[in-house]
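Engineer: Sharing a structure here in structure tokens format.
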Amino acid sequence: MAILRNWAGGIDNLSPADRIPDGYVRAMVNLDPLPGGGLGLRGGAEQLLACADCRGAFAVGRYLVIADGARLLSYSLDAGSVAELTASLPDGPLTASELNAQLYLSTPAAQYRTDGVRLVRWDVPPPAFTAAALPGGSLAGQYKVAVTALGEDGEESGAVPLVVTMDGARLQVISDDPRPLRLYVSPADSASLYYQGQILGGVALIEAPTDDKARLTTAHLDTMPPSELLVSHHSVLVGAVGRYVFLSEPMMPHLTNPVTRFFQYGSDVQALVPTDSGVFVVLADRTYHLTGVETEAPSQRHIDNIGGLAGSGVALPDGTAAWFSRHGLVIGGSDGSTAAPSRSRHAPMQAERAACGVLEHQGVIRVVACLQGDVWANPRARFSDALEDVTYAVALDTGAVTLYQGFAFEGFTGRDGASFAWKADGVYRLGVVVDEAAPIDARAEFPATDFGTNAVKRLQTAWLALDTDGQATLQVAVDGGPHHPHRVLGTAGTRKAPLARGLLGRRWTFTLELLEASHAALDSIEVEAGAAQRRIK
């Protein structure tokens, strides 16, 4: 009796079919390698909220903030209820990041923040104003004048000071901005500006500026630009627009210094991924690591020339980072190091972009990567995984790769260990048991084996330690020939597949196919092998 077991390494599509090492499979769909070496059916997805046109889902506190067309919704994870935050969300792509229990949401036309209950504008643009000298006063010299506006919670806008020269005059400041406005004026011929009071009724008149109140701290700061990618690191928001990365001011996520707090790259930024110590900036063919982003002197260093796919960044629970590249999953450490754990055994399909999320199922944490846009074969691979509906799942502890199908989502989010995903028709909870009303198909092709001898063999029966409610078939190929299907009999525990009596050869390849399964677990395959009575020339 020969035993096949232990496939914990996942897919190996780089080795020749007859030289795939122990612990790997040639191909696998919708089955997860498990810590003990067996295989289990992947987790399912249940719809949490149906949408007409879901554009994104983001977690904040105990809420999921969901963009459904022009509606921005808040779904309570505790109550299971839905509230509408706004019905006039601008068109265009969305990105968001959580910072200090607030979700900062960026669109091309407007920026918002919410705690899941209240929605306000995040951007606080500086107000327009005029400043002029009026006769009849005693002010003389050059005076700097600035006006700031206050946001919904008192956050102060940036300001660009004006210089007014006076010779025996009063200072008049006018602004028709309806928001609460704060006026700052410097002493004569001084650089610092001090708070003079609010502008009421649109006009303020200064006879003699004071210098015993708060100093202006937002001079020459501007609003954070609308971002295509947005993450948070400590007290700072980090956004990417094309080839540029902008850093917000520490503790002032609505403002940035457009002169000192940005980095420019040679090509568009594909992913931003935070770690405990910094932020990875991933281009198509290069990777950088930013550190000190919460200080006055942020810096960066070039890490490697691997890069990654657009939109594929995801922060990991242990404070490290991950993204998907042409070489597969890349793990970014808090020290700025990178590693591609499956590169030596698996060459993934190539794609324009990918959506990545973290999923825990059957005690294993995996990063799932849904390939999007055009997908094409990897020239390094000896066997192509699939040409469409390609989602990879990579175990973080082993780097084992498996292929998911029927698992295509546009994006992912998570909260308190629970994983969620979204696509156009709604938001889904992941990692659940596959619904018996919507079972899935699965497949695993095991390495060719000669059972330890080059002699010609005839196999009689295969015994499978298999638990599943699906229809199981064992495909058998001999010496690279065609596959012959054999039905797997039995309903529980160890099942058997009587093999065709006419099959004999040196190397045997087994492929397990499951149809319409809601659960499955395979621990081993045992086969009765004996020497053939006739020789094969």
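Under the numbering used here, the first residue of the sequence shown carries the number 579, and numbering increases by one thereafter. Glycine included, each C-beta is placed from N, C-alpha and C at the ideal position. The structure displayed is predicted, hence computed values, not measured ones.
1) Count the CB pairs spanning the segment 963-972 and the segment 920-933 that are closer than 8 Å, and state whether there are at least three.
2) Looking at C-alpha atoms only, which residue of G587, D590 and G618 is the closest neighbour of A1098?
3) Roughly how many whole angstroms lie between the Cα atoms of A925 and R960?
4) Out of L683, D1045 and W1086, state which residue places its alpha-carbon closest to the alpha-carbon of A1070.
5) Looking at C-alpha atoms only, which residue of L740, V741, R699 and G719 is the closest neighbour of G729?
6) Given a cut-off of 9 Å on the beta-carbon distance, is the pair L749 and Y772 in contact?
7) Can you list, in chain order, the residues of its chain whose CB lies under 7 Å from that of G870, leaving out five sequence neighbours each side?
8) Find out if the Cβ-Cβ distance for the pair F990, V892 is shorter than 9 Å.
9) Taking C-alpha atoms, which residue in P1060, T685, I881 and I884 lies nearest to M802?
10) Considering only C-alpha positions, which residue in the set L626, T664 and S666 is nearest to G658?
11) Would you mind stating whether E1106 and G1048 have Cβ atoms separated by less than 9 Å?
12) Report the option in A849, L592, H1062 and H880 whose CA atom is closest to the CA atom of G886.
13) Specify whether the segment 749-765 and the segment 695-714 touch according to this definition: at least 3 beta carbon pairs, one from each stretch, less than 8 Å apart.
14) Work out the CA separation of V725 and L794 for me, nearest whole Å.
15) Between L861 and V847, how many whole angstroms is the CB-CB distance? I'm expecting something under 8 Å.
16) Specify the secondary structure class of R748 as computed by DSSP and reduced to three states.
17) Quick one: using the 10 Å Cβ neighbour count with 16 as the cut-off for buried, is L582 buried or exposed?
18) Using the DSSP secondary-structure output, state which residues sit across from P852 in a beta bridge.
19) Going by CA-CA distance only, name the one from P1063, R1085 and G1083 that's closest to P1116.
20) My output table needs one value for D596: the three-state DSSP class, helix, strand or coil.
21) Can you tell me the Cα-Cα spacing of A630 and R649, whole angstroms?
22) Sort out for me which residues DSSP pairs K791 with in a bridge.
23) In whole angstroms, what separates the C-alpha of R1113 from that of L974?
24) Quick one: give me the first and last residue of the beta strand (DSSP E) that W1086 is part of.
25) I'd like to confirm the pairing. Which residues does DSSP put opposite Y602 in its beta bridges?
26) Per DSSP, T834 forms a beta bridge with which residues?
27) Could you please give me the residues that DSSP links to L1100 through a beta bridge?
28) Quick one: which unbroken beta strand (DSSP E) runs of 3-plus residues sit fully inside the segment 910-981? Chain order, please.
29) For E938, which residues in the same chain have their Cβ closer than 8 Å to its Cβ, ignoring the five residues on either side in sequence?
30) Decide yes or no for the touch test of the segment 737-749 against the segment 690-697: beta carbon pairs closer than 8 Å, at least 3 of them.
31) If you draw a straight line from the C-alpha of L1058 to the C-alpha of D863, how long is it?
32) With H, G and I counted as helix, E and B as strand and the rest as coil, what does DSSP make of Q983?
33) Can you confirm whether the segment 850-860 touches the segment 901-914 when touching is taken to mean that 3 or more C-beta pairs between the two stretches lie within less than 8 Å?
34) Is the CB-CB distance between D854 and G897 below 9 Å?
35) Hey, would you say N1116 sits closer than 9 Å to T980, going by beta carbons?
36) Mind checking who Q1049 pairs with in its DSSP beta bridge?
Structural biologist: So, from the data block:
1) yes
2) G618
3) 9 Å
4) D1045
5) R699
6) no
7) P876 and S877
8) yes
9) T685
10) L626
11) no
12) A849
13) yes
14) 10 Å
15) 6 Å
16) strand
17) buried
18) V857
19) No answer is possible for residue 1116: it lies beyond the span of the chain, which begins at 579 and ends at 1115.
20) helix
21) 10 Å
22) None, per the DSSP bridge assignment.
23) Annotation note: pLDDT 43 at R1113 (below 50); position unreliable, coordinate value reported separately. Cα to Cα, the separation comes out at about 47 Å.
24) W1086 to A1095
25) G588
26) D800 and S826
27) L617 and L1044
28) 928-939, 942-954 and 969-973
29) R944, G995, S997 and G1009
30) no
31) With the sequence shown as reference, residue 1058 is identified as Gly, and Leu is not the correct amino acid for it. Cα-Cα distance, rounded: 39 Å.
32) coil
33) yes
34) yes
35) Since the displayed the chain opens at 579 and closes at 1115, residue 1116 lies outside it and no answer follows.
36) L1093
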